[in-house]
Amino acid sequence: MEHIAKDPSQIKGWGVDADRNNDPTYPMKHRNNGEHAGYSWERPLQQPITVEVLHSNERPDVTSVFGTSTPPLALSGVLRRIAFRYSESSYGHWLPLMLADRVSVVEGVLSDLKHGHVPNVFAERGWKAEWRHNRIGLVRRILVRVVLISAAVAYLSSRRAD
Amino acid sequence: MLAMNYRGPLRVRIDHKPMPEILHPQDAIVRVTRSCVCGSDLHLYNGSVPDTRVGMTFGHEFTGVVEQVGEEVEKLKIGDHILVPFNIACGTCVFCQQGLYGNCHESNPQATAVGGIFGYSHTAGGYDGGQAEYVRVPYADVSPTVIPEGMDLDDAVLLTDVVPTGFQAAEMGGIQPGDTVVVFGAGPVGIMAARCAWLFGAGRVIVIDYLDYRLEFARNYAPCEAYDFRSLEDPVVFIKQTTESLGADVCIDAVGAEAAGSAMQTTLGRKLLMQGGSATALHWAINSVKKGGIVSIVGVYGPVDTLVPIGNVVNKGITIRANQASVKRLLPRLIEHVQNGVIDPKALITHRIPLEDVSDAYRIFSAKLDDCIKPVLMPPLART
Chain W
1301 MEHIAKDPSQ IKGWGVDADR NNDPTYPMKH RNNGEHAGYS WERPLQQPIT
1351 VEVLHSNERP DVTSVFGTST PPLALSGVLR RIAFRYSESS YGHWLPLMLA
1401 DRVSVVEGVL SDLKHGHVPN VFAERGWKAE WRHNRIGLVR RILVRVVLIS
1451 AAVAYLSSRR AD
Chain Y
97 MLAMNYRGPL RVRIDHKPMP EILHPQDAIV RVTRSCVCGS DLHLYNGSVP
147 DTRVGMTFGH EFTGVVEQVG EEVEKLKIGD HILVPFNIAC GTCVFCQQGL
197 YGNCHESNPQ ATAVGGIFGY SHTAGGYDGG QAEYVRVPYA DVSPTVIPEG
247 MDLDDAVLLT DVVPTGFQAA EMGGIQPGDT VVVFGAGPVG IMAARCAWLF
297 GAGRVIVIDY LDYRLEFARN YAPCEAYDFR SLEDPVVFIK QTTESLGADV
347 CIDAVGAEAA GSAMQTTLGR KLLMQGGSAT ALHWAINSVK KGGIVSIVGV
397 YGPVDTLVPI GNVVNKGITI RANQASVKRL LPRLIEHVQN GVIDPKALIT
447 HRIPLEDVSD AYRIFSAKLD DCIKPVLMPP LART
């Protein structure tokens, strides 16, 4: 077993942040019990709610600011609205969200096609980089998939023939 | 403007998107000059974070130039070159007042467990991130910080997440002089955690991973002992044997959901997505730490349940400390460390990739191609 002996004090910066009283450390050490007073802070101005914002049912309202990246839409949006009826403590919250994420992938492809864009899945998956840096691995992976798919097709064809 | 666009698990591309707008008086619009791909972005990329919606732009580690400010922004001026901590923090809620800037209660409507994070799914607030030419930055006067004169932009961009997360991992370990610290994971954060463990006076620092090039980098950069867990019959037994059978004083999980090393954890957490990630590193950390020791977790996990040996936590009397890094709280000290040459963040950067090639950047980083440790995306205007 390798055990690299060294004198740590020779390492640049050794011990500069050492503090024997640093325990309990962050995140406890700045505790001020301010939360005992509840929502007592002066809340920042509310960002205008111009898109649908789903909010956790563990909080009373929407936070003062929020992201507007991708509001809920279509079937995935329906699933997300269902999810937000349940708390963050519930599978009823997370499982519909995971399902919605998968549904939104299909919706994304349909949206691309609707806008006349055929997604280049190979480019999106970064195969150019894979080809440049891991050509043998990429070829091996493709071959394995071709063999597996061919075997499955052959098996299903033979069953149909029977 | 050009922006990264998530299309589904393992699929991202560059697209034209509308310019961001001021939506709140405390907003700023920033023209991005550097933007990293983070190890935690890979959880989104792999589709393991719930409420990651197709069409979103990722990116929570970035620097940029202020182009526009809302009417309540007083500290930042147009033209300021800033580094933007990954936490979106209001600075006024009870949690921000306690320095818990990663737990702000006024930035993420979708969840109470975590504050808002740029480009990190709707579970972290639904904000578009910095892997774009421009980005909206809420609460611009609170966390964003003007880059000190003379500081290298590559150093600055790593102060938005990697350095503070690594430093806080060591800080939360409550390291006492002479302690043995084991860091699981030799990604950028794990390497930084190992480097920072020395600053707290560690007597011995050990890094565990399986990628030779990263282990070699950790040995030279941290500098520390570094071992490939594939060459160890059992990493937990190894740690026990090398600490006189007692265990390490502090163990740090710097991997999170993508951990390798256990077929069961990989299958449940990464392939079937039946738990909040593969908790192999955390499992090892709990079992490798001494009785009464401290486990510090900065590896990111999804919000659903995850299998960990909680019985051993109880029986060994382990203290677990964990959080998203509180970047704003740590920045003054970390800027000092960079300026004094104690920490050299930019040495972690191995790849500079045009923003337009974002798909390749994700592939290179996620598949650990070309000995990649840390890729930085360069928007077109930052390359001229």
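Heads up: the sequence lines are chains W and Y, in that order.
Residue numbers 1301 to 1462, in my numbering, belong to the letters of the first sequence in order.
Residue numbers 97 to 480, in my numbering, belong to the letters of the second sequence in order.
Virtual Cβ for every residue (Gly too), placed ideally from N, Cα, C.
Span of the beta strand (DSSP E) around residue i
| i | result |
| --- | --- |
| Q164(Y) | F158 to V165 |
| H109(Y) | Strictly speaking, residue 109(Y) in this sequence is Arg, with His absent from that position. Residues R107 to H112. |
| T415(Y) | T415 to A418 |
| G388(Y) | V385 to I393 |
| R479(Y) | Premise fails: R479(Y) is in no beta strand (DSSP E) and is neither H nor E. |
| Y230(Y) | Y230 to V233 |
Below-9 Å beta-carbon distance, residue i vs any chain W residue
| i | result |
| --- | --- |
| I125(Y) | no |
| S384(Y) | no |
| W380(Y) | no |
| F296(Y) | yes |
| L138(Y) | no |
| M474(Y) | no |
| L196(Y) | yes |
| V391(Y) | no |
| D147(Y) | yes |
| E340(Y) | no |
| R310(Y) | no |
| F52(Y) | The shown model of chain Y, from 97 to 480, leaves out residue 52(Y), and the question about it has no answer. |
| P482(Y) | No answer is possible for residue 482(Y): the residues shown for chain Y start at 97 and end at 480. |
| T153(Y) | yes |
is_contact[residue i, chain Y] using C-beta, thresh 9 Å
| i | result |
| --- | --- |
| V1418(W) | no |
| M1301(W) | Per-residue confidence for M1301(W) stands at a pLDDT of 45, beneath the threshold of 50, marking its modelled position as unreliable; the derived number appears in the next sentence. Judged by the 9 Å Cβ criterion, M1301(W) is in contact with chain Y. |
| K1408(W) | Lys is not the amino acid found at residue 1408(W); the sequence shown has Gly there. Closer than 9 Å to some Cβ of chain Y, the Cβ of G1408(W) qualifies, so yes. |
| I1311(W) | yes |
| R1445(W) | no |
| L1354(W) | yes |
| Y1455(W) | no |
| R1385(W) | no |
| V1378(W) | no |
| R1413(W) | The residue you asked about is not Arg; residue 1413(W) is Leu in the sequence shown. Chain Y, which has no Cβ nearer than 9 Å to the Cβ of L1413(W), makes this no. |
| L1375(W) | no |
| D1319(W) | yes |
| A1451(W) | no |
| L1345(W) | yes |
Residue i in three-state terms, based on DSSP
| i | result |
| --- | --- |
| N204(Y) | coil |
| M1301(W) | Unreliable positioning characterises M1301(W) in this predicted model, as indicated by a pLDDT of 45, which lies under 50. The coordinate reading is nonetheless provided below. Reduced to three states, the DSSP call for M1301(W) is coil. |
| H1355(W) | coil |
| A356(Y) | coil |
| E117(Y) | coil |
| T241(Y) | strand |
| P273(Y) | coil |
| Y102(Y) | strand |
| I445(Y) | coil |
| R1343(W) | coil |
| I1436(W) | helix |
| I348(Y) | strand |
| A124(Y) | strand |
| R1320(W) | coil |
| R149(Y) | coil |
| L140(Y) | helix |
| H177(Y) | strand |
| Y223(Y) | strand |
Host alpha helix (DSSP H) of residue i (start-end)
| i | result |
| --- | --- |
| H1433(W) | W1427 to H1433 |
| K336(Y) | P331 to T338 |
| P428(Y) | V423 to Q435 |
| A457(Y) | V454 to S462 |
| C320(Y) | Per DSSP, C320(Y) belongs to no alpha helix (DSSP H) and is neither H nor E. |
| A252(Y) | L249 to L254 |
| R1385(W) | Per DSSP, R1385(W) belongs to no alpha helix (DSSP H) and is neither H nor E. |
| I287(Y) | P284 to L295 |
| V301(Y) | Unbroken run through V301(Y) is the beta strand (DSSP E), R300 to D305; no alpha helix (DSSP H). |
| F1422(W) | V1421 to E1424 |
One or two residues paired with residue i in a DSSP bridge
| i | result |
| --- | --- |
| C132(Y) | V472(Y) |
| G212(Y) | I184(Y) |
* Evaluate contact between the region 141 to 151 of chain Y and the region 240 to 247 of chain Y, counting only Cβ atoms and requiring at least three cross-stretch pairs below 8 Å. => Taking one beta carbon from each stretch, the region 141 to 151 of chain Y and the region 240 to 247 of chain Y have fewer than 3 pairs nearer than 8 Å; the two do not touch.
* Determine, using beta-carbon pairs with one atom in the region 107 to 120 of chain Y and one in the region 324 to 341 of chain Y, whether at least three such pairs fall under 8 Å. => no
* Decide yes or no for the touch test of the region 443 to 459 of chain Y against the region 1417 to 1428 of chain W: beta carbon pairs closer than 8 Å, at least 3 of them. => yes
* Asked: With contact counted as at least three CB pairs below 8 Å, one residue from each stretch, are the region 157 to 175 of chain Y and the region 1347 to 1357 of chain W in contact?
  -> no
* Do three or more CB pairs link the region 174 to 192 of chain Y to the region 227 to 240 of chain Y at distances below 8 Å? -> yes
* the region 297 to 313 of chain Y in contact with the region 431 to 440 of chain Y per 3-pair CB rule at 8 Å -> no
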